[in-house]
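Here is the structure we will look at, set down as structure tokens.
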Amino acid sequence: MEKPQRGIQSIEVGGRLLTTLAEVGEPMTLKDLAQQSDMPAAKAHPYLVSFGKLGLVEQDAASSRYELGPLALQLGLACLRRLNPVRLGTHAATALAEELHQTVALAVWGNAGPTIVHIEESSHPIHINMRTGTVMSLFKTATGRVFAAYLPDKVIEHYIDTASHHSFAYPKSDLRPSWKAMQKTLKEIRAHGMAQVVSEPLPGINALSAPVFDHEGHLALVITVLGPTALFDPALDGDNAGALRACCAELSHRLGYAPE
Numbered sequence: 283m284e285k286p287q288r289g290i291q292s293i294e295v296g297g298r299l300l301t302t303l304a305e306v307g308e309p310m311t312l313k314d315l316a317q318q319s320d321m322p323a324a325k326a327h328p329y330l331v332s333f334g335k336l337g338l339v340e341q342d343a344a345s346s347r348y349e350l351g352p353l354a355l356q357l358g359l360a361c362l363r364r365l366n367p368v369r370l371g372t373h374a375a376t377a378l379a380e381e382l383h384q385t386v387a388l389a390v391w392g393n394a395g396p397t398i399v400h401i402e403e404s405s406h407p408i409h410i411n412m413r414t415g416t417v418m419s420l421f422k423t424a425t426g427r428v429f430a431a432y433l434p435d436k437v438i439e440h441y442i443d444t445a446s447h448h449s450f451a452y453p454k455s456d457l458r459p460s461w462k463a464m465q466k467t468l469k470e471i472r473a474h475g476m477a478q479v480v481s482e483p484l485p486g487i488n489a490l491s492a493p494v495f496d497h498e499g500h501l502a503l504v505i506t507v508l509g510p511t512a513l514f515d516p517a518l519d520g521d522n523a524g525a526l527r528a529c530c531a532e533l534s535h536r537l538g539y540a541p542e
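Heads up: the sequence shown runs through residues 283 to 542, numbered per my numbering.
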């Protein structure tokens, strides 16, 4: 077993103040900041003075409240610039497939619509016509429904209006099962944070799909877990759904997403 590395305790203690400011997201008084960071105000103040000199925090002269400073912003932007959702998602998909022993797919919104960019095969492979580059049905698949639920309406409406004119599109009748009639289904997806299909559109295959968000709250990609009906529990409160939710939440967090 690897021995834990030794750190500097004072940095870890002071770091709680920065974490609290990041989580709260608004200026705070010394009293509130110290209290939520689980330390006395007298102990927190010297840390804040040092962080202020570094530019990690700044104090408003009028209200005396503290907030994150310009260096914290620069560090955050530098981190965001190097983040690649698909690269991070690929690593997450590998871990999720190993945990659940199910196939995991990543999809992004491309010029052709919901497009598979990575597939992690499970120890129980499924025989379906899905590979990198496959464009998924917008309304019939769990993957497509998550995009329909979380992308702006104008994006989906434009896709519906124009996709039938392109060679990659599904038949026009497939793309228009009344956008208005889909609203109830999409509302349920947003309520559960997940889309579910059971033995459709492929008989014998179940799937669950969930969204991953970026630092601006925009949909970055969709992760789908799928497997044979006999071996895959599609329940929204089941183990597969729980693991998928946790995976997407962690990935969203790494991309800078802060849920309201």
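Note that CB positions come from ideal geometry on N, CA and C, so glycine has one too.
Cβ-based burial, residue i [other Cβ within 10 Å; buried from 16]
| i | result |
| --- | --- |
| R427 | buried |
| V339 | buried |
| S449 | With a pLDDT of only 43 at S449, under the threshold of 50, the placement of this residue in the model should not be trusted, and no figure is reported. |
| T423 | buried |
| I505 | buried |
| E543 | Here the chain covers residues 283 to 542 and nothing more, so residue 543 does not appear. |
| S481 | exposed |
| P434 | exposed |
| G524 | exposed |
| E402 | buried |
| L336 | exposed |
| I290 | exposed |
| S534 | buried |
| L355 | exposed |
| Q478 | buried |
| G395 | buried |
| V494 | buried |
Residue(s) in a DSSP beta bridge with residue i
| i | result |
| --- | --- |
| M310 | Y348 |
| L503 | V494 |
| V480 | N488 |
| L315 | Answer by DSSP bridge pairing: none, since L315 is not bridged. |
| E402 | V386 |
| G509 | N488 |
| P396 | W391 |
| V417 | T397 |
Residue from the options whose Cα sits closest to the Cα of residue i
| i | options | result |
| --- | --- | --- |
| M476 | P322, A463, L490, P367 | L490 |
| E380 | P396, S404, L388 | S404 |
| A375 | S319, P396, Y329, C529 | C529 |
| M321 | G307, T302, E308, P309 | T302 |
| N393 | L353, I442, R369, H373 | I442 |
| T416 | F429, A430, V390, S292 | V390 |
| I487 | S346, T385, A360, H327 | T385 |
| L408 | E294, R298, L513 | Residue identity check: residue 408 is Ile in the sequence provided, not Leu. The option with the nearest alpha carbon to I408 is L513. |
| A531 | G499, L508, S345, Q317 | G499 |
| L468 | A540, F421, G371, A326 | F421 |
| G297 | Y329, A343, A540 | Y329 |
| Y539 | G520, N522, L503 | L503 |
Beta-carbon separation (whole angstroms), residue i vs residue j, contact threshold 8 angstroms
| i | j | result |
| --- | --- | --- |
| A492 | L526 | 5 angstroms |
| L501 | P367 | In fact, because the Cβ distance is near 10 angstroms, the residues do not count as touching under 8 angstroms. |
| I410 | L484 | 6 angstroms |
| L378 | V507 | 7 angstroms |
| L312 | A304 | Going by Cβ atoms, the distance from L312 to A304 rounds to 17 angstroms, so no, they are not a contact pair. |
Original post:
Can you list the alpha helix (DSSP H) stretches of 4 or more residues lying completely in the stretch 513-537, in chain order?
Top reply: 521-536
Original post:
Going along the chain, which unbroken runs of the alpha helix (DSSP H) with 4 or more residues stay wholly within the stretch 322-394?
Top reply: 323-336, 352-364, 367-382
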